[in-house]
Amino acid sequence: MTLIAESSPPRSRVEDGFAVKDGFAARLGFVARCALLVVLAAPLAGQGPDRTTDDANFVKTPGGTVLGRIMRGAAVTFGATDGAWREVTLEGWVTTGAVRADARDGFDVSIRTDGGAPMRTNPASAAPVRAMAGFGALFDRLEARSGWVHLRRKGWMPLAATQTTPQPAAAAAAAPPPPSPAPLPDSGEVAVQGGAVFSAVAGGAPVGQLEVTRRVELLERRDGWNRVQMEVWVRDAQLRGAPSGGPITAAAILADPDRYIGETVEWSLQVLAVQRADELRPELPPGQPYVLARGPLPETGFVYLVVRGEQVAEFNGLSPLAEVRVRATVRAGRTRYLPTPVLDLVRRLD
Numbered sequence: 086m087t088l089i090a091e092s093s094p095p096r097s098r099v100e101d102g103f104a105v106k107d108g109f110a111a112r113l114g115f116v117a118r119c120a121l122l123v124v125l126a127a128p129l130a131g132q133g134p135d136r137t138t139d140d141a142n143f144v145k146t147p148g149g150t151v152l153g154r155i156m157r158g159a160a161v162t163f164g165a166t167d168g169a170w171r172e173v174t175l176e177g178w179v180t181t182g183a184v185r186a187d188a189r190d191g192f193d194v195s196i197r198t199d200g201g202a203p204m205r206t207n208p209a210s211a212a213p214v215r216a217m218a219g220f221g222a223l224f225d226r227l228e229a230r231s232g233w234v235h236l237r238r239k240g241w242m243p244l245a246a247t248q249t250t251p252q253p254a255a256a257a258a259a260a261p262p263p264p265s266p267a268p269l270p271d272s273g274e275v276a277v278q279g280g281a282v283f284s285a286v287a288g289g290a291p292v293g294q295l296e297v298t299r300r301v302e303l304l305e306r307r308d309g310w311n312r313v314q315m316e317v318w319v320r321d322a323q324l325r326g327a328p329s330g331g332p333i334t335a336a337a338i339l340a341d342p343d344r345y346i347g348e349t350v351e352w353s354l355q356v357l358a359v360q361r362a363d364e365l366r367p368e369l370p371p372g373q374p375y376v377l378a379r380g381p382l383p384e385t386g387f388v389y390l391v392v393r394g395e396q397v398a399e400f401n402g403l404s405p406l407a408e409v410r411v412r413a414t415v416r417a418g419r420t421r422y423l424p425t426p427v428l429d430l431v432r433r434l435d
């Protein structure tokens, strides 16, 4: 009733007098007011959370530090715009073990797991993933419930990932189709756009961001990722000793897990099973296929080998305890819970 009183204009004396003198006019005025209420109520009934229109990085400031990645269709709250960026408020649930107390910049907690943490819509492992929060990202802690923590953070994401630009039907029909983008080469010189986030391994967590567009040498393309070579300069204070020469062993990686991230190894492994990542393996995206293997032979430990696409079927078709030789890059020196290296398969060598 309050909405009706506030939304409807006050009736004038002329309307009141006219309604008394003419019953039909009174009924017509009533119908008109009802129609107005329907029009006002329709958009209210259709309101819901704002939704992203594409996967995009969630950053601290426009073009600044990456805090994580928000999925397409995620429910967020839109705020102000700043050029090509839009402020958004992100909320989600993560497992209690994925955060630690952290009072920096007025926040309550930060993400402690090396590979980041999936932020889910509800406090349940089967709930959809709304975003992937990056390692070290700061959040406000709203509540805790049965092994889960509810987090919130304001940040920014590209404006293009928060809006759609539908065309009127007539204009869309008249407009010529957009030209197809020129196909990328498989090698040679290409340009990486400013703002691009780069990872040490294909599909891995972000390790940095390119502020300006740079020409690079394209070395390899695989599964939507591109391996590029770029010459850059860093200060002396930012360097440290490289791993010693000779083959990299699992024992060496476990002794210094962070030192070998991004390094390439060629190992012989004994395949045990093809599995999918869950909450106990936060270094991998939920549902990511990986091979549980023993090795590198003759070492007796275990290894998680991340596989994609046709590689999954290839390893599923191997006989039990088959031995393979692979080239792979080190994604993580160990998991949070187990002394098990995580590798990204480049290709088989056998």
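Position in the sequence shown (from 1) plus 85 gives the number in the working numbering. Backbone N, C-alpha and C fix where the C-beta goes; we use that ideal spot for every residue, glycine too.
- With contacts defined by Cβ atoms closer than 8 angstroms, Ala413 and Val350 form a contacting pair.
- The beta carbon of Ile196 is closer than 7 angstroms to those of Ala183, Val184, Ala202, Ala218, Gly219, Phe220, Gly221, Ala222 in its chain, skipping five residues each way along the sequence.
- Shown here for Arg312: same chain residues with a beta carbon closer than 6 angstroms to its own, the five before and five after excluded, namely Leu304, Glu305 in chain order.
- A contact between stretches requires three or more CB pairs, one per stretch, nearer than 8 angstroms, and the region 386-401 fails this requirement with the region 175-182.
- Residue state for Ala160 is assigned as strand, using DSSP reduced to three classes.
- When DSSP states are grouped into helix, strand and coil, Asp429 belongs to the strand group.
- The C-beta distance from Pro371 to Val214 rounds to 6 angstroms, short enough to meet the 8 angstroms contact threshold.
- Only exposed fits Gly293, as fewer than 16 other CB atoms lie within 10 angstroms of its CB.
- DSSP places Ile338 in the helix class (H, G or I) of the three-state scheme.
- Secondary-structure assignment with DSSP links Met242 through a beta bridge to Arg171.
- Note that the C-beta distance between Arg238 and Asp225 is below 8 angstroms.
- By the C-beta density criterion, Ala340 is exposed, having fewer than 16 other C-beta atoms within 10 angstroms.
- Going by DSSP, Ala398 is part of no beta strand (DSSP E) but of the alpha helix (DSSP H) stretching over 395-401.
- The C-beta distance from Ala336 to Arg300 rounds to 40 angstroms, too long to fall under 8 angstroms, and the pair is not in contact.
- In the displayed model, Thr166 falls within a strand according to three-state DSSP.
- Per DSSP, Ile155 is one residue of the beta strand (DSSP E) stretching across 151-155.
- Each of Pro208, Thr420, Pro243, Leu236 was checked against the Cα of Asp139, and the nearest Cα belongs to Pro243.
- For Ala222, no beta strand (DSSP E) run applies, since DSSP gives it neither H nor E.
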